[in-house]
Amino acid sequence: MKVLVTGAGGFIASNVAEWLVKNFECEIFGTYRNRKPSGRSFSCVCCDLYHEPEILEELEFDAVIHFASQLYGENIREFLDNTVQATMNLIDAAERKNVKKFIYISTISVCGETKGTISENSARINQNDYEITKWIGERLLEDANFEEKIVIRLPRVLGKGIDLTAPWLPKVSYSILQNEDVFYYNPELKYNALIHTDDLSGFIYHILSEKENLSGIYLLGSEDEITVLEILKILKSGFQSKSKLIEVEPRGANRCYSVDITKAKAAGFRADTVRNVLKKYIKDMEEEVNASM
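The numbering of the sequence shown is the numbering used here, which starts it at 3 and goes up by one.
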């Protein structure tokens, strides 16, 4: 099997591709637009899925894991071009090649500001441009002609090489590592919307190797729920930090803290506990910090 991983220059996609190279007997190669992944075992080709879809015609692949999308932008046109049209171009190319399995990497935040525990059937409320266009990508795949069409809605994904300035856990984790004061709110809010890149990679491996058709939408998350304050205390203890945890008044809308992963588990997703995910992430961060010294 030849597997194409788009957006391979990104943190999550590069980790998944590398994991698959080491654990799955298939050919993995990726596309990237701006940042070529370094120090990886898989090959890559520079390909802007929006501006250069013709490059896809030169590639051979039997399955697709589609990560590439516009994360930030100044206007809706950027998202329409680099998420929606790019996805359409990829789907068209994959259909011409008679690809059997197409995995679309989406996000649990397509539900916007939906309150409470979210599931595959939750309503979409007050979506931003990123969330709207990721949902449109899901719809495009739904109408495509592939034998197996899988949508994976990701929570916060932790692992090696993560952007430490990213909102919530990465940014907070780095502050704790640096012994800086951390301000938080909603301390008793239950949280399981996070996984490690290894958890995601294992599920994708299962989908690629499973003979049963697993078409559908799956939300991923951790096995259990713990409070926001417990998460911060685990990070502080793990980093042996002197940071002060300071509670403040809530601000803004909560987005997707608790996720129902029943469907994904029934399909073969092996969820880990929040504590174990955090332990692996703490180890990842410490290794990276030590390597940079």
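Ideal Cβ placement from N, Cα and C applies to all residues, glycine included.
Hey, quick one: how far does the alpha helix (DSSP H) through residue i stretch, first residue to last?
i: Glu232; result: Val230 to Gly240
i: Lys103; result: Taken as a continuous stretch (DSSP letters only), Lys103 belongs to no alpha helix (DSSP H), being part of the beta strand (DSSP E) at Lys103 to Thr109.
i: Lys244; result: Looking at the DSSP string, Lys244 is not in any alpha helix (DSSP H), and its letter there is neither H nor E.
i: Val112; result: Element bounds for Val112: n/a, residue is neither H nor E.
i: His208; result: Thr199 to Ser211
i: Tyr34; result: Counting along the chain, Tyr34 falls outside any alpha helix (DSSP H), though it belongs to the beta strand (DSSP E) covering Glu29 to Tyr34.
i: Tyr176; result: Leu171 to Leu179
Keeping to the same chain, check which residues put their C-beta closer than 6 Å to that of residue i; ignore five residues upstream and five downstream.
i: Leu231; result: Pro189
i: Ser45; result: Phe31
i: Ser71; result: Thr85
Quick check: the Cα distance between residue i and residue j, rounded to an integer number of angstroms?
i: Val86; j: Asp183; result: 40 Å
i: Glu76; j: Leu82; result: 12 Å
i: Asn84; j: Ser243; result: 40 Å
i: Leu237; j: Leu280; result: 7 Å
i: Trp170; j: Ile228; result: 16 Å
i: Ile93; j: Gln180; result: 44 Å
i: Ile78; j: Lys282; result: 36 Å
i: Ile152; j: Thr119; result: 22 Å
i: Ser177; j: Lys213; result: 45 Å
i: Glu122; j: Leu61; result: 33 Å
i: Ser40; j: Ala88; result: 24 Å
i: Ile154; j: Ile110; result: 9 Å
i: Gly270; j: Ser217; result: 13 Å
i: Trp137; j: Lys267; result: 22 Å
Indicate whether residue i and residue j have their beta-carbon atoms separated by less than 8 Å.
i: Ala273; j: Ser211; result: no
i: Tyr187; j: Arg253; result: yes
i: Ser260; j: Tyr193; result: yes
i: Ala15; j: Val5; result: no
i: Arg42; j: Ala19; result: yes
i: Leu221; j: Leu202; result: no
i: Pro172; j: Ile164; result: yes
i: Lys162; j: Asp262; result: no
i: Ile197; j: Phe241; result: no
i: Asp226; j: Thr275; result: yes
Can you list, in chain order, the residues of its chain with a C-beta nearer than 7 Å to that of residue i? Leave out the 5 residues immediately preceding and following it.
i: Tyr207; result: Leu22, Asn25 and Phe26
i: Glu185; result: Residue identity differs from the one stated: residue 185 is Phe in this sequence, not Glu. If we look at Phe185 and ignore the five residues flanking it on each side, its Cβ neighbours are Ile248 and Val250.
Looking only at its own chain, which residues have a Cβ that is under 8 Å from the Cβ of residue i, when we skip the five neighbours before and after it?
i: Phe148; result: Ala96, Glu97, Val101, Lys102, Lys103 and Phe104
i: Lys246; result: Asp183 and Val184
Quick check on residue i - is its C-beta less than 8 Å from some C-beta in chain D?
i: Ile30; result: In the structure shown, chain D does not exist; there is a single protein chain.
Considering just the uninterrupted stretch of the beta strand (DSSP E) at residue i, what are its terminal residues?
i: Phe185; result: Val184 to Tyr186
i: Arg158; result: Arg158 to Leu160
i: Phe44; result: Where Phe44 is concerned, there is no enclosing beta strand (DSSP E), given that its DSSP letter is neither H nor E.
i: Thr1; result: Residue 1 cannot be examined here, being either before or after the span of the chain that is shown, 3 to 295.
Q: Examine the Cβ distances between the segment 101-112 and the segment 67-79 and report whether three or more of them are shorter than 8 Å.
A: yes
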